[in-house]
Amino acid sequence: MDIAHRDTDQQTPAEQRRRELLEAADRVVLRDGPKASMNAIAAEAGITKPILYRHFGDKGGLYRALAIRHTDALLAALRAALDAPSDRRRRVESTLDTYLASIEALPQVYRFLMHPAEESHQTEQGFDVGRHSAPLLRRMGEELGQVIAERVDLGPGAEAQARIWGHGIVGMMHAAGDWWLGERPCSREDLVRSLADLLWGRLAQAQDLPGGPGF
């Protein structure tokens with residue numbers, strides 16, 4: 007039995023049902039993007055909207071669950087790129103490319119998480135995407151800052167410096183990726199190379215922490 011099956015077998019019925027509902031929500035988001043509604047998700051899952059509310063509370067609760075689901079997968083992929091057996095410049099480029107490839111592969115999911123359609127505000131009262139997307143980006147910034155702190159010798163004030171770098175890099179990736187996904191002014195490879203050039207100055211000079219996993 008593989009790990010996925012063991013994890014599924016260990017879930018309680020409520021956890022399994024919640025996972026099934028999130029999978030149904032994912033299918034609707036992949037189809038409808040920012041216009042995905044609680045009504046459509048409930049219909050996809052074969053339940054009524056009150057039952058969906060019972061599991062997630064409201065659209066904000068469902069959004070947070072989907073955001074955690076996709077952010078967990080993205081962070082795992084970013085860590086794998088950072089741990090790849092390569093030189094630092096290539097790992098930086100690979101990490102940037104991993105983020106951009108993820109939003110390119112699932113643009114409807116990205117737009118649902120970051121750019122809800124106006125219709126969603128009209129039909130799902132009380133849902134404010136900005137209130138929910140900001141913690142998602144903040145979590146990514148903190149995670150990346152922790153990775154940097156574990157790997158790079160930044161000298162005095164290293165912890166604060168690592169957090170600055172983490173949030174700055176995530177902000178840059180998000181803003182540049184959002185612009186690129188909407189306009190496609192260049193290839194993904196060109197964007198990765200340009201962003202890596204922008205980051206490379208201090209990163210090229212900093213030494214790895216002794217005994218750390220390296221960066």
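Add 6 to the 1-based position in the sequence shown for our numbering, that's all there is to it.
Beta carbons are placed, not taken as given, at the ideal position from N, Cα and C, and that holds for glycine.
Nonlocal neighbours in the same chain, by C-beta distance under 6 Å from residue 103, ignoring five residues either side: 198
- prompt: Can you list the alpha helix (DSSP H) stretches of 4 or more residues lying completely in the segment 123-208, in chain order?
  reply: 124-129, 135-157, 164-189
- request: Just mark residue 57 as buried or exposed, buried being the case when its beta carbon has 16 or more other beta carbons within 10 Å.
  value: exposed
- prompt: Going by Cα to Cα distance, which pick from 213, 121, 176 is closest to residue 164?
  reply: 213
message: On the CB-based measure, 16 or more other CB atoms within 10 Å of its CB, does residue 127 come out buried or exposed?
response: Annotation note: pLDDT 44 at residue 127 (below 50); position unreliable, coordinate value reported separately. With fewer than 16 Cβ atoms within 10 Å of its Cβ, residue 127 is classed as exposed.
task: Going by CA-CA distance only, name the one from 161, 159, 184 that's closest to residue 121.
output: 184
field: Supposed contact pair residue 168 and residue 154 - C-beta distance, whole angstroms, cut 8 Å
entry: 4 Å
task: Evaluate contact between the segment 170-179 and the segment 142-162, counting only Cβ atoms and requiring at least three cross-stretch pairs below 8 Å.
output: yes
query: Is the distance from the Cβ of residue 72 to the Cβ of residue 143 below 9 Å?
result: no
- prompt: Relative to the alpha-carbon of residue 83, which residue among 66, 59, 108 has its alpha-carbon at the smallest distance?
  reply: 108
task: Report the rounded CA-to-CA distance for residue 129 versus residue 158, giving the unit in angstroms.
output: A caution first: residue 129 carries a pLDDT of 46, below 50, which makes its placement in the model unreliable, though a value can still be read off. Approximately 47 Å between the Cα atoms of the pair.
Whole-angstrom distance between residue 187 and residue 98, CA atom to CA atom: 20 Å
query: Taking the Cβ atom as the reference point for each residue, do residue 47 and residue 31 lie within a distance shorter than 9 Å?
result: yes
Of the listed residues 90, 182, 117, nearest to residue 202 (C-alpha basis): 182
task: Can you tell me the Cβ-Cβ gap for residue 146 and residue 81, rounded? I've got them flagged as a contact below 8 Å.
output: 7 Å
message: Here's a check: name, in chain order, each residue in its chain whose Cβ is nearer than 7 Å to the Cβ of residue 220, leaving out the five neighbours to either side.
response: 157, 214
task: Under 8 Å by Cβ, that's how I've got residue 27 and residue 51 pegged, so tell me the actual separation to the nearest angstrom.
output: 5 Å
- request: Please state whether DSSP places residue 32 in a helix, a strand or coil.
  value: helix
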